[in-house]
Amino acid sequence: PINLIILIETIPTEYFLTAHNIMMIRCVNNSKIMRHASSMVENGLLPVFATRYGQSSSSSSVIKTSSQRFFHSTPSVLQEPTVLVMGSSGALGSVVAKYLGKDVGMRVIGADIVERPGGGWHPDAFVTLPYDGELSDLTTRLTTGVGRVLGDEDEINCIVCASGGWESDPAPPIPDASEEDIEAGAIQYSNTIENMIRMNLNPVVAAGYVADRYMSDEGLFVVMGAVAALNPTPGMLGYGLSKNAAHHFVHTLGAMSGKGLGNKVLRKEGRKARRHRQYLDTMTTIGILPSMIDTPANRSADPKGDYDSWTKPIDIAKGIEEYIEYPSLRPHSGSLIKVTPGKGEGGGAVFTLVRS
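For the sequence shown, position 241 matches number 243 in our numbering, and the numbering has no gaps at all.
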């Protein structure tokens, strides 16, 4: 059964279900929202919450239903949220960081191997990470840097792990390869796997430790996964391994939180894990899985690609903003969410739950 309808402006009308039996109806303009809302209210069918996607929360509407129930648009975080963006200098991370910081007005802490401000905008703080080192070095540098920025009182409301990269498998040695060529191939094979783990998994694990230390109540932990890693990945073993491991991290941290799903045994183990970690009671961990992100590097790698079918970084950023501002719209902790471009004039993106 559906017990709540959410009407969202700016992209073509689409209907789909999310967690908690919520149907989201994406509409083109506000008048259409109000026509839908008025019809539902007049017929006394369902409580309705109307919001304007990608705009200030203060512009949202509150609609009183015939059942006298209210769904108010006030965000749960009363002061400006603090967001840590891993990979804040990358093609995706820089868009997410700039949108949340400059356009929305959140406090953004960037973290990357080098700071590359975009469009004259700088994050409120920046933590420089080691380029090539052990996981312990990365975790220590990140935790220490974030701690210095936050001080003794502040907390993080959201962590976005937008770091990542892609490498294909190296070619195997030819049948009559020399011993030197075989050894060189072994090194290249191993380096490819290690590079993918270093780029796609280690930042997630390091950020998990930061969450353990600094995450606030109603926190949000976002991991960039990959649709490809839901299936076997021939030709890109290292990439598939690293992204699949990142998905496992999402599932496991989700099972440890009070907002996750699972069988009786998992729920019991989750309660044990959060016994001394109060933030886990209310934190939501999600994986966002685009198929192909429209970035300059991806266009260079595929100059004849169908760019209209690629997800725009700004649409991912807007989706993350909604999850930060409105915890009630988040799926169950531990969920994986596929992101695809919206159809029609409005563009945008569609977030579809693929596993909870």
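By construction, the Cβ of each residue, glycine as well, lies at the ideal position given by its N, Cα and C atoms.
Collapsing the DSSP output to three states places residue 138 in a helix.
The continuous stretches of alpha helix (DSSP H) do not include residue 313, and DSSP gives it neither H nor E. Closest by C-alpha distance to residue 232, out of 293, 222 and 256, is 293. The three-state secondary structure of residue 210, taken from DSSP, is helix.
Distance from the Cα of residue 278 is smallest, within the candidate group 130, 252 and 260, for 260. DSSP places residue 340 inside the beta strand (DSSP E), whose first and last residues are 337-343. Residue 109 and residue 224 have their C-alpha atoms roughly 17 Å apart. For residue 170, the CB contacts under 7 Å within the same chain, skipping 5 residues up- and downstream, are 237 and 238 in chain order.
Taken through DSSP and simplified to helix, strand or coil, residue 146 comes out as helix. Looking at the DSSP output, residue 351 sits in a beta bridge with 343. Beyond the five residues adjoining it in sequence on each side, residue 167 comes within less than 6 Å, by CB distance, of 201 in the same chain, given in chain order.
CA-CA distance, residue 172 to residue 314, rounds to 29 Å.
Going by beta carbons, residue 125 and residue 90 fall inside the 8 Å limit. Around the beta carbon of residue 188, fewer than 16 other beta carbons lie within 10 angstroms, which makes this residue exposed. Here the C-alpha atom of residue 267 lies approximately 37 Å from the C-alpha atom of residue 194. Across the structure, residue 197 and residue 208 are spaced so that their CA atoms are roughly 16 Å apart. In the same chain as residue 85, and ignoring 5 residues on each side of it, the C-beta atoms closer than 6 Å to its own belong to 102, 108, 110 and 160, in chain order. Taking C-alpha positions only, residue 129 is separated from residue 93 by approximately 18 Å. In the three-state DSSP reduction, residue 114 falls in the strand class (E or B). Contact between the region 244-252 and the region 177-188 is not established, with fewer than three Cβ pairs separated by less than 8 Å. Around the CB of residue 298, fewer than 16 other CB atoms lie within 10 Å, so the residue is classed as exposed. Cα atoms of residue 234 and residue 291: separation of roughly 15 Å, rounded to the nearest angstrom. Within the model, the alpha-carbon separation for residue 199 versus residue 213 is close to 20 Å.
Beta-bridge annotation (DSSP): residue 85 is paired with 110 and 160. In the displayed model, residue 289 falls within a strand according to three-state DSSP. The beta-bridge partner set that DSSP reports for residue 295 consists of 313. Taking a cut-off of 8 Å for Cβ pairs, the region 333-351 and the region 279-288 touch, as three or more such pairs fall below it. Relative to the Cα of residue 340, the nearest Cα in the group 330, 352, 329 and 332 belongs to 352. The Cβ neighbour count for residue 242, taken over all protein chains shown within 10 Å, is at least 16; the residue is labelled buried. In this structure residue 165 touches residue 88 by the C-beta definition: roughly 5 Å separates them, less than 8 Å. Taking the Cβ atoms as the reference, residue 284 lies roughly 5 Å from residue 220, within the contact range of under 8 Å. Contact between residue 226 and residue 163 is confirmed by a C-beta separation of about 6 Å, below the 8 Å threshold. Less than 8 Å separates the beta-carbon of residue 157 from that of residue 218.
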